[in-house]
Each structure stands twice: as C-alpha cells, then as structure tokens.
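Protein chains: 2
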Amino acid sequence: MRNQEKDYSGVSVQALWRLPYYLNYIKSLDEAKYSCISAPIIAKALNLNEVQVRKDLAAVSNSGGKPKTGYVAKELISDLEEFLGYNSVDEAILVGVGHLGKALLSYQGFENCGLNILMGFDKDEAIIGTNVCGKQILPLDKLKDLCWRMSVNVGIITVPAKEAQMICDMLVEAGIRAIWNFAPVHLHVPDYVLVQNENLAASLAVLSKNLTESLKEK
Amino acid sequence: MRNQEKDYSGVSVQALWRLPYYLNYIKSLDEAKYSCISAPIIAKALNLNEVQVRKDLAAVSNSGGKPKTGYVAKELISDLEEFLGYNSVDEAILVGVGHLGKALLSYQGFENCGLNILMGFDKDEAIIGTNVCGKQILPLDKLKDLCWRMSVNVGIITVPAKEAQMICDMLVEAGIRAIWNFAPVHLHVPDYVLVQNENLAASLAVLSKNLTESLKEK
DNA sequence: TAGATTGTTAATCGATTAACAATC
DNA sequence: TAGATTGTTAATCGATTAACAATC
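Protein sequences, first through last, are from chains A and B. Per this note's numbering, the very first residue in the first sequence carries number 2; after that it's consecutive. Per this note's numbering, the very first residue in the second sequence carries number 2; after that it's consecutive.
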C-alpha cells in the first residue's frame, strides 16, 4: 500500500513523494533568472503549504538556505538528486514482457532516476530470444542464476495478477531485495524484501470516485 | 500528489486505495469454501489491521456483516464493485501514444474497472491514422471537437513532461473533467478539474530510498 | 451458553499547519 | 534598518489503533 511506517533520514513517505516534484520544478526554471529559489516560490508553484516545503527542503539540503534569498538552485538540485538516489544506480530485471513490460523496458528516463533495467524475462517462447530496446528477453529458468551472478537487487513484476505471487517467490529465491509490483495484488514476502506497489486499478478507483462526486455537485 | 483532502462517502483516500486489494483478494477465494468472509481473515491475508479493515468494509457494505460469520462474499464483492464505480463506465481519451500510451490503450483490464478508452491522440504523423488494439490514433487538432461531441470526461496524459501542461490545457478546453496524469509534473488546472497523478519517478524514489536503507542495515 | 465477529466510541500516533524568533 | 525567508517549537487535524459493548 501507499502508506508505510518508516522514515528515511527524517523524511516521511509522503514527503519523499513530493521531492521529485520539487526537483522537476526547479530544473524547469530558467537558470539565469533563478540562481536562487525559495520555499514560498516552490510552494506557490506546486500548490503546497509553504512550511511543508520548507521542512522538506531542510531535511534534504546539505548547505541549508539563507534567509531572504533562499536556496542556491544548483546546489538544491544536486542535493535532491543525491537524496533520491539518482546518482547511485540499482540494477534491475523485469518479469512479464507484455505491453506494460515493454513500455518500462523501453523507457529511457529510469536511468536518470538511478534504475538500470538489464533484461526482461517471460514464459512466452515467441518473445524469448528477442530484444526490446536492446534488452534481451530470457526464459524464466535463467532468472535465478543470472540474478545471483549479476547481484541484481530490484525485480519488476509486470505479469498478470494470477501469476504475480509465483513470480514474486522466484524473485525472492533469486536474492532480490526490492520488488516494484505492477500487479494489483498483495504480495507475500519475507521481512527483508521490500515491495513497492504500483496499482493502476487503485489509482483509477480514486480518479473515478472523485469524478463521480464532482459531477454530482453540479 | 497522493494525499488529497476529500472524503468520499465517509471513506478516506487511504481507505479508497485499500478497497481494490480487498476486492481482488475476495475474488481470488474459492467460492464454495468462502461463501462468507470476515474482516479478521482479510486483515491477516493483506497484512493490515483488523479494525481498519472492519471500518473500511462497514463504509462500503450495504447489508452489513453478521457477528460470528462476517460478510456474504458475493454481496461484498458487488458492494465493492459498486462503490468503486466499476459498474458505471467513464469514457476516456488518451494523449501521447508512445510505449506507455500504447500499453494503456492495449490493456483490457480497465473496462472491468469502469474505464473505456475510446481513442488515442498524438502529434506524430507516422502513427496518426493507425490503430492500437482497434483504437484509432488521431491528430491533436481533432481532440477538442471529438471530446465535446462524445462528452468524454476523462483524459489520460502520457506525453513527455515538457509537453504535459500544454496537453493539459487542451484537455481542459475540450471539456474534460478529470485527468489521469502519467507525466512527472504538477499540472495547473481550474478548480473543477481533477488531477490524479501517477508518478513512476516518485514511486521509484520511494523504492530506491527504501532499498538503500535496507541494504545499509545489513 | 460460549465465542467469534461486528460496529462504535475513545486513545494514540503522526503529518500538516500555524506561530515566532533568528538572520541575512 | 526593514523585510523576506529560514528553521524550530507548539497547535491542529485526521487516520490508525485500541477498548468494549452488542449480537448472532
């Protein structure tokens, strides 16, 4: 689920979700015009509370901000990137090379976020041996051995809901430490394995519930 | 962002996120064995607090549960589906037919969740006129007219970050009431338009931060 | 009847927001 | 100096959890 208990270097999960938005916003600014950036400006741009942004930045920034001027934009960008782990790359493999799996394998943006998807796995003979964006698609029985050999830490699950737990078990056996789960199911894993759920159905439910309420109000 | 303020029929956003997991779990059970299902059982299966599940179910269920036995599984399933709006279909269009856009256009599961993606739009001449899974890809200048004519309420944005705000403005102009945004940017919209963000970069940040902390502990 | 489960009311916990002194 | 912004401490708000009476 979305809400977890832990804190990361004094930053709550909710705050962690906001950081990429800060980063994106600051990066989008004209460097010449905004060599410095302040919490109130970011707050206004992203529709957030000023104090909230200030607290988030305080937790992330190394050098801190200066009264009246705010933070040096360049420094804040690199502090955010550092904090979000964009500089240290994690190796990942993906299981389930359907439409979504292919989309994730093809997406170039993950490398800038510190994730390198090495290859895909699938059970379908028809796509085994092919490659997607230069990334090889291999049969499931090679998974364990390859993950161990290359000490892969992250597994991405894009298989149908019914197969997700089985694939999850395989990944755990292969020494995976974190799972990015796109199947709309709760996965059972040992304590030391992390699961991050990306549940489109749940997201859609929030959207449609919101929409229904909103249309009612008219 | 994930957290919003509103309540939907007494259900918080956090609770709303849990409902699809309940639904999926109950559906996965053997009907013959589990004609009735109780909050404690669901809680155990999904690693949640018993009282939390009970409260969620109480808010969703029409007939309520019976002490000792729990809820009638069939009724609970249909109550959940009703509450989540899976029975009333919203029409949607998608803008940005790249890898992710294609994946979403091709995904069959959304129909069961009350979302019907009618067609895709893109600016790339090479794919305009083709179709993905039987869904036509049209040029952007047809967007406004078609959305009005078919009274489409939902727009899905799968364009690059830089173009997202511009597309968003187009959608608003086309009378869209809710936007499912896959670009990692904050969108500016009028009050009456809803935005549901699906930020993979943010999700990835949580995962990788978790992983780093977890590996440190060793 | 005994026991499991429901539904509700109260306590806890944590994130957001407000207030304010410090500082460039 | 005056004013904007920082960083911190306290107040508020809401979700989760605990406690307990009601009931099949």
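Heads up, the beta-carbon is just placed ideally off N, CA and C, and yes, glycines get one too. The structure displayed is predicted, hence computed values, not measured ones.
For the alpha helix (DSSP H) containing residue i, list its first residue and its last residue.
i	result
residue 173 of chain A	162-174
residue 211 of chain B	201-218
residue 104 of chain A	100-107
residue 195 of chain A	Premise fails: residue 195 of chain A lies in the beta strand (DSSP E), 195-198, not in any alpha helix (DSSP H).
residue 144 of chain B	144-150
Are the CB atoms of residue j and residue i within a distance shorter than 7 Å?
i	j	result
residue 158 of chain B	residue 184 of chain B	yes
residue 97 of chain A	residue 14 of chain A	no
residue 214 of chain A	residue 193 of chain B	no
residue 57 of chain A	residue 16 of chain A	yes
residue 138 of chain A	residue 156 of chain A	no
residue 203 of chain A	residue 186 of chain A	no
residue 148 of chain B	residue 107 of chain B	no
residue 51 of chain B	residue 60 of chain B	no
residue 26 of chain B	residue 46 of chain B	yes
residue 144 of chain B	residue 165 of chain B	no
residue 74 of chain B	residue 38 of chain B	yes
residue 140 of chain B	residue 128 of chain B	no
Since residue i and residue j should fall inside the 8 Å C-beta cutoff, what is the C-beta to C-beta distance between them, to a whole number of angstroms?
i	j	result
residue 211 of chain A	residue 195 of chain B	5 Å
residue 104 of chain B	residue 101 of chain A	5 Å
residue 169 of chain A	residue 190 of chain A	6 Å
residue 90 of chain A	residue 115 of chain A	5 Å
For residue i, report the span of its beta strand (DSSP E) as first-last.
i	result
residue 124 of chain A	Taken as a continuous stretch (DSSP letters only), residue 124 of chain A belongs to no beta strand (DSSP E), as it is neither H nor E.
residue 156 of chain A	155-158
residue 136 of chain A	136-140
residue 182 of chain B	179-182
Assign residue i to buried or exposed, taking buried as 16 or more other Cβ atoms, counted over all protein chains shown, within 10 Å of its Cβ.
i	result
residue 20 of chain B	buried
residue 181 of chain B	buried
residue 206 of chain B	buried
residue 88 of chain B	exposed
residue 4 of chain B	With a pLDDT of only 34 at residue 4 of chain B, under 50, the local geometry of the prediction cannot be trusted, and no value is derived from it.
residue 77 of chain A	buried
residue 167 of chain B	exposed
residue 83 of chain B	exposed
residue 199 of chain B	buried
residue 209 of chain B	buried
residue 93 of chain A	buried
residue 85 of chain B	buried
residue 151 of chain B	exposed
residue 123 of chain B	buried
residue 216 of chain A	exposed
residue 197 of chain A	buried
residue 71 of chain A	buried
residue 110 of chain A	exposed
residue 66 of chain A	buried
residue 218 of chain A	exposed
residue 6 of chain B	A caution first: residue 6 of chain B carries a pLDDT of 42, below 50, which makes its placement in the model unreliable, though a value can still be read off. Classification of residue 6 of chain B: exposed, given that the 10 Å Cβ count is below 16.
* Asked: Curious, which full-length alpha helix (DSSP H) runs of at least 4 residues does the region 20-93 of chain B contain?
  -> Correct list: 40-47, 51-61 and 74-84.
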